[in-house]
Amino acid sequence: MFGRCPWGSMTGFSKDPSFMWEDNQKALVNQISVGKKQHYKYIYDNINHYVYMYVNDNLLACSSLRRKFNGQNIGLYFASKDTIISSLSFKEEKFTKDDKYNFTCGGKTGWDKTGWDISLKDNQEVFVSKGSNSILMFNDITLQGGTIEFEMLVPDNNYLYSVAIGVIFGADTLDAEHNTGKWYCVGRDKWDDFVCFSKDNGLFKWEDSNKVASSVIANQTYTYKIVWDYENDTIDYYLNNEYKSTQKLSFHTGGKYVGLYSETSGVIISNLKINK
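So the number in this note's numbering is just where the residue sits in the sequence shown, counting from 1, plus 26.
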């Protein structure tokens, strides 16, 4: 069920039979006032498991759903009297499974402000983030120890959550996002540091005791590289092919999946190399 919550946000919840918010990408946070008519629109991708949220014909968010149902019935839900719903319409659309990428936050290319735009240059994939909250997981890439190398340009310091933009590794699920799974991300933070952070089912932790501080300024391209020792939970930092430091990671994920993480638009990631 999707609509307006009591706190003025456009969000959703699921029941099975317990209650769970479907709000990891809620739209218009605390901004939908009572007593005012809004035009809501949802596109439900039942194959890739997303819902796209529009308000007044503007795409504001794409949410990966935490639960997957096979039902097809539709209804209305009211938790306050005198609520008015009108101009209700439905249009069936068919979606196809993306075999190469799993977009857990932000949606796939072509959805206006969200997701990643993916192109080829010299037979290499180039990824450009199109929104302020985009996560892409690779269905066909796994790694448990090895080398991750990539070129990245981050255009500015307007980070949505003030963490680090870069490559996800060690994820224990292909549905990795802010509140799902254990994973690491290595890249650039808004303070010009080459650094790593971890997420443990929603809990955030900097992995920064040996970060490469003040080394990667905005709007410049750098070659980032780490060597991940899976057994000993360490990573070696290399910047522009020069060794910088070694980091002891705080916990062992047990995961193997790889992805991309961005929280500002215009990030360019290219020449991604994964070597076991």
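Built from N, CA and C at the ideal position, the CB exists for glycine as well.
Inter-residue spacing [alpha-carbon to alpha-carbon] between residue i and residue j
i: R30; j: M36; result: 5 Å
i: Q273; j: W254; result: 10 Å
i: N72; j: N165; result: 18 Å
i: I111; j: D262; result: 56 Å
i: K139; j: V154; result: Low local confidence applies: a pLDDT of 42 at K139 is under 50, so the model's placement there is unreliable, and no value is given.
i: F303; j: G141; result: Residue numbering for the chain in the displayed model covers 27 to 302; residue 303 lies beyond these limits and cannot be assessed.
i: W209; j: F277; result: 10 Å
i: L286; j: D49; result: 21 Å
i: N149; j: E175; result: 17 Å
i: K216; j: V189; result: 7 Å
Buried versus exposed, by CB contacts within 10 Å (16 or more), residue i
i: G136; result: Since pLDDT at G136 reaches only 42, below the 50 mark, its modelled position is unreliable, and no value is offered.
i: V242; result: buried
i: V60; result: exposed
i: E289; result: buried
i: E119; result: exposed
i: M178; result: buried
i: S160; result: buried
i: M79; result: buried
i: G101; result: exposed
i: F230; result: exposed
i: L298; result: buried
Minimum Cβ-Cβ distance from residue i to chain B less than 9 Å
i: N56; result: The structure shown has no chain B; it contains just one protein chain.
Anticipated Cβ contact below 8 Å, residue i with residue j, distance rounded
i: A87; j: K52; result: 6 Å
i: T173; j: Y283; result: With a Cβ gap of about 16 Å, T173 and Y283 do not count as contacting.
Any non-hydrogen atom of the ligand GTP closer than 8 Å to residue i Cβ
i: G207; result: By its list of ligands, the structure shown contains no ligand whatsoever, and the ligand GTP lies outside what it can speak to.
Checklist entry - Taking only runs of the beta strand (DSSP E) that begin and end inside the region 178-261, which ones reach a length of at least 3 residues, in chain order? => result 190-197, 208-215, 220-226, 229-238 and 247-255
Checklist entry - Three or more beta-carbon pairs under 8 Å between the region 91-99 and the region 156-170, yes or no? => result no
Checklist entry - Which residue spans inside the region 93-133 form an unbroken beta strand (DSSP E) run of at least 3? => result Counting whole runs of 3 or more residues, the region 93-133 contains the beta strand (DSSP E) stretches 127-131.
Checklist entry - On the three-pair Cβ rule with 8 Å, is the region 224-232 touching the region 196-207? => result yes
Checklist entry - Could you give the uninterrupted runs of the beta strand (DSSP E) lying entirely in the region 29-62, keeping only those of 3 residues or more? => result Counting only runs of at least 3 residues, the region 29-62 fully encloses the following beta strand (DSSP E) elements, listed from N- to C-terminal order: 36-41 and 45-47.
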